[in-house]
Every structure is written in C-alpha cells, then in structure tokens.
Amino acid sequence: MAWAVLLVLLSGSWGALALEYRAGRPWALAWGGISLVMLGLALWGRPWAAALAQGGLHAALLAWWWHLRPCLDGDWLPELAELTHGRVEGERLILAGVRDFRWQDRHRAEPCWETRDYDLARLASVDLLLSNWGLPMISHVMVSFGFDDGEVVTFSVEIRRERGQAFSELAGFFKQYELSIVAGDERDLVGARVRHRDERMRLYRIQMSLRARRELLLAYVEEANALRERPRFYHTVTANCSTLVYAMMRRIVDGLPLDYRLLLTGRLPAYIHKVGGLVPNHSLAELQARADITEAARTAGEAQDFSRRIRQGVPGWE
C-alpha cells in the first residue's frame, strides 16, 4: 500500500504544479481532485487499481508535457527583446545584438542594441562576475571577456521574460520561461544591477590559457546562435546561469568535477579556487574581500573607462 500512496502523491504533486504553470488553475485543481480519489483507493485497500489508474493518467500528462515547445515570438521585456548572435571572420568576432542600454531607474532605459567587432588575437582576460541580491548562497553568474585594446564584452545567461511576467524559482522547473544569452556592455549589465537594483557585485579574474579563453568565448557565441535557431526552456537546475557555463567548460577542461556549488552560486568562488581557476598566491578569503566592486561600479557611473575603474584593486588587475 505504501508504494502506491507514494506514487500517487508524487504524481499528483508534480502534475498539479505542471498544470498550474502551463495550463492554468482549473486544470491543476482537476488533476488534484483526481489524485485525491486515487489516494483514497490506495488507502482503502485498492493499491494496484490506484497505481494503474494514476500511472495511465500520468503517461497521458507526460505525452502532453513533452510536446510543449519554447518559442521565439513573444511580448518580451525590452532588455530581452533581441537575441545575441555572432560569426567569426578570420580573427574577427562580429557580435550582433550587443546590449548597451542607458538606465534611468530599475524599469526604464534608453534602448540600444549594437553590432560590435572584437579581435580574437587580442583576447587577454576572462573575469567571473557574481551579482547578489540578498540571498547569501545564490548569485547571478556573468562572464566578461577582455581584449588588450580595451574592449570588454560581458555574457549573461538570462530568463527571457515577457512583459508583466514575474520570476519564480519553482516555476523555473516547469517550462515557464525561455532561455536567453545576452552579450552587453559592462556599464549596462554590471552597472545597472549595482546602481538601480542595489545588488552587490563581485569580480574575480579567472586563470585560463589563451586557447581556453578563446574556446569559452566561442562556446558562448555558438550557444547563443543555437538559441536563436532552436529556442530552449530555462530550468532552475539544469539550464541556468551557472550550469550552462559549466557545460561549456566541461568541453574545454577535461575532468572538471561536478559540484553542489554550481547551484549554490554564492559559493562558486570556493569551487573555482579549489580547481585552480583563481589568481594564485592569494587566500580565498582575500580574493573574496577584494573582489567586491560594488562601490567602484556605483562611482564609475556611465564613464567610458567603466571597465578599467571597476577592476582597480582586484587581484590579477593590480
């Protein structure tokens, strides 16, 4: 009996949530009501009947679930309206849909999408950016690529939200959001989070060979191009701002270990430090203390040399 009760409870809970987020409250309530009937059968001596009936209904639900597809068309938020994409011509990386908004406040900005060229032969640095909004264990992950001519481009894996659509970690398990990769200017992607969202920002220089830096940058471009052709759903665990980057890195660094800190991203620097990816000859505590660029980003404002200013005093950028 216990196994049938567990099966009905799991199926009932998952199905109700899936229908709540993708089909609406009436369907979720109907599923919940049917599951309660099946639970009653299981508790009152008919476990096999309950399990078979619930299993058949769940199979039908899964058939519907697997046919749900992400889309490219939507009433997207302005800052997510375009999808970054790029191509390589010789040593030139040409990125279209590079975001460089000028934000007046948290919700209003002057839109600006640009096409920019980068010289791959001058790729000089990779930085990890972690933005925190109050949950110590969770941060948003971004990666910046710097060039020795002063150019910097930042990549951020985002939920592609529509106007009026709120974010929920729970909804992220249930095909509620499309996935997006945004490339942008640090004054936008970093500065706006600090100045208008009151987020705390940390920057860590990452130790990578030239080959690995180049491969990671091109992996971002490849992933962004793929999303433009074949959209994907965001997933709170398997397709988010850290696990997507980890999947790219696994193709570059052999044997890169899977770790719980890929989900508890507030502790991601400890993981990278353990695998030798942060600046050497510094303790983790020192690196974390000196990584805080919040005030530097706030002070730099819209300065043309924003990227240089926020790196002053950061280990690896002294």
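Count along the sequence shown from 1, then add 12; that gives the number in our numbering.
Don't be surprised by glycine CBs; every beta carbon is placed ideally from N, CA and C.
Can you find a C-beta in chain D that's less than 8 angstroms from the C-beta of residue i?
i: L84; result: No chain D appears in the structure shown, which is made up of a single protein chain.
Near residue i, which residues of its chain fall below 7 angstroms by C-beta distance, leaving aside the five closest residues on each side in sequence?
i: Y33; result: A183, F186, Q188
i: R205; result: S143, E211, M213
i: L80; result: R34, K187
i: L53; result: A61, A62
i: A315; result: R321
Figure out for me which residue from the options has the closest Cα to the Cα of residue i.
i: G342; options: W56, V20, A61; result: Not covered by the structure: residue 342. The range shown for the chain is 13 to 330.
i: N252; options: V138, E181, W43; result: E181
i: A238; options: L215, L84, G203; result: L84
i: E126; options: H119, G196, Q324; result: G196
i: Q324; options: L55, Y216, V110; result: Y216
i: E330; options: V291, A315, E314; result: V291
i: I264; options: A224, L296, L55; result: A224
i: R310; options: V153, L201, R244; result: L201
i: R226; options: V138, M154, A315, A259; result: V138
Would you mind stating whether residue i and residue j have Cβ atoms separated by less than 8 angstroms?
i: Y246; j: I193; result: no
i: M261; j: L230; result: no
i: L275; j: V257; result: no
i: R173; j: F179; result: yes
i: R321; j: A303; result: no
i: W145; j: R209; result: yes
i: R5; j: L107; result: Look at the range of the chain in this structure, 13 to 330, and you will see that residue 5 is not part of it.
i: S151; j: T277; result: yes
i: L299; j: H285; result: yes
i: E103; j: L132; result: yes
i: V164; j: S156; result: yes
i: M50; j: A72; result: no
i: Q219; j: G162; result: no
i: Y283; j: D271; result: yes
i: R175; j: L89; result: yes
Buried or exposed for residue i, going by 16 or more other Cβ atoms inside 10 Å?
i: D117; result: exposed
i: L48; result: exposed
i: G98; result: buried
i: S23; result: buried
i: H119; result: exposed
i: W115; result: buried
i: S319; result: buried
Leaving out five residues before and five after residue i in sequence, what residues of the same chain have Cβ atoms less than 6 angstroms from its Cβ?
i: A63; result: A16, L19
i: H294; result: P327
i: A40; result: A28, L31, E32
i: G203; result: A309
With a CB to CB cut of under 8 angstroms and the five nearest residues on each side skipped, what residues in its chain are close to residue i?
i: T255; result: V249, L274, L275
i: G86; result: R172, E174, E190
On the premise that residue j lies in contact with residue i, defined as a C-beta separation below 8 angstroms, what is that separation, rounded to the nearest angstrom?
i: P345; j: E190; result: Residue 345 lies beyond the stretch modelled for the chain, which goes from 13 to 330, so this question has no answer here.
i: L141; j: F159; result: With a Cβ gap of about 17 angstroms, L141 and F159 do not count as contacting.
i: L105; j: V287; result: Not quite, the Cβ-Cβ distance comes to about 27 angstroms (not below 8 angstroms), so this is no contact.
i: M149; j: R279; result: 7 angstroms
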